[in-house]
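Here's the structure, in structure tokens; my notes come after.
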Amino acid sequence: MKNLEFKNLVNDSEKLAKVNDLWYFVKSKSHRWIVGSGH
8 MKNLEFKNLV
18 NDSEKLAKVN
28 DLWYFVKSKS
38 HRWIVGSGH
């Protein structure tokens, strides 16, 4: 039982890390696009 809970916790944190990376990538990409089109 404890092992399964721990595994789920690790899976969740890995998913969260992927989402954060994706969000950061999208944010920096769109920011660059906005800055680039402004000039």
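Following this note's numbering from start to finish, the sequence shown increments by one per residue and tops out at 46. Beta carbons: idealized from backbone N, C-alpha and C, even for Gly. The structure displayed is predicted, hence computed values, not measured ones.
message: Less than 6 Å between C-beta atoms, sequence neighbours within five positions excluded: which residues of the same chain meet that for ARG39?
response: none
- request: Just the C-alpha distance for GLU12 and ASN18, rounded to the nearest angstrom, thanks.
  value: Taking the CA atoms as reference points, GLU12 sits about 10 Å from ASN18.
- prompt: CA-CA distance, GLU21 and TRP30?
  reply: Rounded to whole angstroms, GLU21 to TRP30 spans 14 Å at the Cα level.
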